[in-house]
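Residue numbers (our numbering), protein chains in the order written: chain A, 4 to 262; chain D, 4 to 247; chain S, 1431 to 1847.
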């Protein structure tokens, strides 16, 4: 697996799109850090990028990469390699190189502008959740493209998944809150947040930016939950589940697929 | 006869379409087996089953008497050249070779085949810049360089220039002498006549005929293999299927 | 000769103006190695208008009761340790000054307001350059007038709201000046109830459990150039009118129920030139009427201002709103009918200025659709900064009919005020 990972990574790191992705993060973070009076403010702006762009690019690029690698996959399938090895290697190389671009693209400006390393904690959360979102949405991308031989369908479906996770789910969330506003909503809010990886990532970063106080009583509930070790573990387990679930289904289907 | 590959009752269907309806086939060491059959007869599915790329519903594949379904190590003994192959586009040929070497972790003879296939000048080119013919050479190189006891070629000579094609065919005969089991899918009838020791004719997911060229020809009055095939197809109500 | 006559004339004039006894005051020395060992003994021996010099050392005394005009001056910061027995010093009289001493460990009680210095029915008193450490109330002042509290340091070591008192607690007083004090770790830093004509200037009130400054039923007061930071609930000004709040800094008052400045039932007041930085809510206004809020800076707050529907005739002009999560929110779509919002700078304003008059050509609506959602369902705030919310607010900005709120800045500034 490491071999597939290594070679595919070497190939990917030369890809125009990936360099573009890296430069996108580099310039946007550079500008945001440059024009923001402090790191926290820039981080809030960057958060908008993280919760929308990272999932979008991961899923679109993932689908694109899988479709472009179909013949390469066939080449590898004829080699003495286990199927899991091939697919896991490809998945890890793509998600890792995307994550690498993300971390480097935002990390360099952060270090450059923020020599005092203020808000390093929330930035750490920002990077970690961004990386996890990358792994989650690449896994979805691979699953979608494995299930759809038709590229157009695959791209369409991936945009729908993105739209659902990033926009529609929050809309439903908001409607639920409006509908049940006469009931105590903290537990519901907490549960819905944990169940959506995009919301969970956003909230984890925001809580560390001390914006929790904004969140009134819910914020207090969130703070005490995510401020505790079991809470943090739950949050990251949930994110991990969001990676492992689509990845597991992907590998399962891939192991039985005819090429 | 020394059996290398033994396939029994191999069945595969895609949805409602039964592609392999119970294939029984033994392939011997030291000979070239030409796999013939009309489009959709199940040739490539059979090869893909052999390579583990398609997973059969039932049946067994034995190589050297060992069951290989579901395992992967046996592919160390197979060199496969697909009809078309795409590679990681940003890689150079040299890197692709070292990658496959690294993956297979077997001794390789790439220098010899780089010369044979005349790839020396292209080694540092990125794969995306290569012509179809050069890509095909790279394909052949990857199939040959590990000196695998089983060699599978799917339309190997398509796109090769005449000189390389000649070298390639001469080399196949050498490999046969060396005791390799070679499976050849080809649409060039004269190539089959020239190289094959055994014809395996697949029709509608079954082995319709297995035997020497001579035996096949003796089934009909025709001398020309192309005409023999046409007659077989007609006899079996396959006249509408074009053999390409 | 003429000039000597003139000097004599002035001397006579001065002595006539000064309270007569001052001219005959004595100075008593008190301290280790001095004839007077304790402050209480010195106070009882002293005649009116005497000066007591209290030398460095620790005096374990409490219930020191001063009823005559006296000046007590610490030399080398002597410490009076009350041993947690009721009040440490009580002032009950006029012209009493206490200077340069440290007062520690008053009693603590749930029913009595024990204090480091308690003042009742006094006037013209001064407490300056003193330190108050670990007292229940540092100063508890009531029914007094024309006193000065200056340059003191107060630390109450407060841990819970119920087991702690206020720093400077003033009740039913008039004409007080609270100047240059630093107050921390009390329940309320400064507490005003029924206090009139007083001023609070250049104090620092930090890390108090409840309010940095708490104003109730106190009219015609002013507080200028103070700093209030990291207090549990910020600053509260309630049930008052005619307050002048100028040049103060309200910062880092973070918490689910925390405000920079809470205004409740307040009329005819002016809030100008203040900075509200990094508070959960910069200014929270409930039934606050006829206020002028001008030239303030609001930055990095959760909500810069929350104006409830029952606020009328307020004028919000020439302020700067920069980097707040919400600039303005309200619980009622009718808010704003009688309020004026004008010439403020809003960093979220995306309008243009074609006629170059430094004023945006299209009005700015600082109340976002999302902030309206949050007002009706507070839990919805967890969706803050989500992509869906961004999209929603952007749509709303271009189709403003979605929110019926009338709080609109018709002349937003293009650059910072």
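Ideal placement from N, C-alpha and C gives every residue a C-beta, glycine not left out.
- By the criterion of a C-beta distance shorter than 8 Å, residue 1669(S) is surrounded in its chain by 1646, 1647, 1694, 1695, 1696, once the five residues flanking it on both sides are discounted.
- Using a 10 angstroms sphere on the CB of residue 255(A), the tally of other CB atoms stays under 16, which defines it as exposed.
- Taking a Cβ-Cβ threshold of 9 Å, the residues of chain A close to residue 1806(S) are 181, 184, in chain order.
- Under the DSSP assignment, residue 68(A) falls in the alpha helix (DSSP H) whose first and last residues are 42-71.
- Beta-bridge partners assigned by DSSP to residue 1794(S): 1839(S).
- With respect to chain A, the C-beta atom of residue 227(D) has no partner C-beta closer than 8 Å.
- If you look at residue 27(A), you'll find it in the alpha helix (DSSP H) that goes 19-38.
- Counting only residues of its own chain and dropping the five nearest sequence neighbours on each side, residue 1624(S) has a CB closer than 7 Å to the CB of 1601, 1602, 1647, 1648.
- For residue 165(A), no beta strand (DSSP E) encloses it; the enclosing alpha helix (DSSP H) starts and ends at 154-166.
- The DSSP-derived three-state label of residue 256(A) is helix.
- In the displayed model, residue 1646(S) falls within a strand according to three-state DSSP.
- Using a Cβ distance threshold of 8 Å, residue 47(A) and residue 212(A) count as a contacting pair.
- Residue burial is scored here from C-beta neighbours: residue 193(A) has at least 16 other C-beta atoms within 10 angstroms and is therefore classed as buried.
- Taking 8 Å as the CB threshold, residue 14(A) lines the interface with chain D.
- Around the Cβ of residue 1545(S), a 10 Å sphere holds 16 or more other Cβ atoms; the residue is buried.
- Using a Cβ-Cβ cut-off of 9 Å, residue 44(A) is close to 1730, 1753 of chain S, given in chain order.
- Straight across, the Cα-Cα distance linking residue 1810(S) with residue 1663(S) is about 23 Å.
- By the neighbour-count definition (other C-beta atoms within 10 Å, threshold 16), residue 176(A) is a buried residue.
- Residues of the region 63-87 of chain A that bring their beta carbon within less than 8 Å of a beta carbon in chain D comprise 71, 72, 73, 74, 75, 77, 78, 79, 80, 81, 82, 83, 84, 85, 86, in sequence order.
- Residue 25(D) is positioned such that its CB atom lies no closer than 8 Å to that of residue 168(D).
- Taking 8 Å as the Cβ-Cβ cut-off, the region 16-50 of chain A approaches chain D at 17, 18, given in chain order.
- Here residue 1621(S) carries a strand assignment [DSSP, helix/strand/coil].
- Residue 1531(S) carries a coil assignment under DSSP once its states are collapsed to helix, strand and coil.
- Residue burial annotation: residue 29(D) is exposed, with fewer than 16 other C-beta atoms found within 10 angstroms of its C-beta.
- Fully contained in the region 1478-1523 of chain S is no alpha helix (DSSP H) run of length 4 or more.
- Secondary structure at residue 52(D): helix, using DSSP grouped into helix, strand and coil.
- For residue 1668(S), the uninterrupted beta strand (DSSP E) run begins and ends at 1664-1671, by DSSP.
- When DSSP reads this structure, residue 1719(S) sits in a beta bridge with 1697(S).
- Counting every other CB atom within 10 Å of its CB across the protein chains shown gives residue 124(A) a total below 16, marking it as exposed.
- Counting of Cβ neighbours within 10 angstroms places residue 190(A) among the exposed residues, the total staying below 16.
- By the Cβ rule, the region 62-74 of chain D does not count as touching the region 91-100 of chain A, because fewer than three pairs are nearer than 8 Å.
- Boundaries of the alpha helix (DSSP H) around residue 86(A): 86-116.
- For residue 97(D), the three-state secondary structure derived from DSSP is helix.
- When C-beta atoms of the region 10-27 of chain D are compared with those of the region 162-173 of chain A, fewer than three pairs fall below 8 Å, so the two segments do not count as touching.
- Chain D has a Cβ within less than 8 Å of the Cβ of residue 261(A).
- In this chain, residue 170(A) is not harboured by any beta strand (DSSP E), its DSSP state being neither H nor E.
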